[in-house]
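The structure appears below as structure tokens.
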Amino acid sequence: MFNHHDGFNHAVFSTLNHVGLGTRITIFFDSTNRTGKFQGIQHGNAVLTTDSGSLFFIPVNRIVAVSIP
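The number in our numbering is simply the position in the sequence shown, starting from 1, with 470 added.
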């Protein structure tokens with residue numbers, strides 16, 4: 471269940487808190503997605519490193535889904 475009433479998606483945050491560092495995941499947000507190795511949550515952002523080495527900071531409150539293969 472998603473809880474956006476306060477602008478923060480607690481279900482996504484809770485899910486990401488259970489993902490191990492270095493796990494390959496796909497994050498869906500803002501009508502796009504990014505796939506990479508999960509590096510943790512920093513200052514309200516999910517941090518991903520892509521295969522090309524790019525680092526992405528994705529605000530948790532903009533994430534609509536997470537795929538963990």
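Using N, Cα and C, we set each Cβ at its ideal position, and we do this for glycine too. These numbers come from a predicted model, not from an experiment.
If residue i sits next to residue j, beta carbons under 8 angstroms apart, how far is it from one beta carbon to the other, in whole angstroms?
i: Thr496; j: Asn503; result: 5 angstroms
i: Gly506; j: Phe526; result: 7 angstroms
Can you check which of these residues, the options, is closest to residue i by C-alpha distance?
i: Val489; options: Asp521, Asn479, Ile533, Ile511; result: Ile511
i: His480; options: Ser501, Gly492, Phe508, Asn515; result: Asn515
i: Asp521; options: Gln509, Val536, Ser484, Phe483; result: Gln509
i: Thr519; options: Ser537, Thr493, His513, Pro539; result: Thr493
DSSP three-state call for residue i: helix, strand or coil?
i: Ser537; result: strand
i: Leu491; result: coil
i: Asn531; result: helix
i: Thr485; result: helix
According to DSSP, what are the bridge partners of residue i?
i: Thr502; result: Phe499
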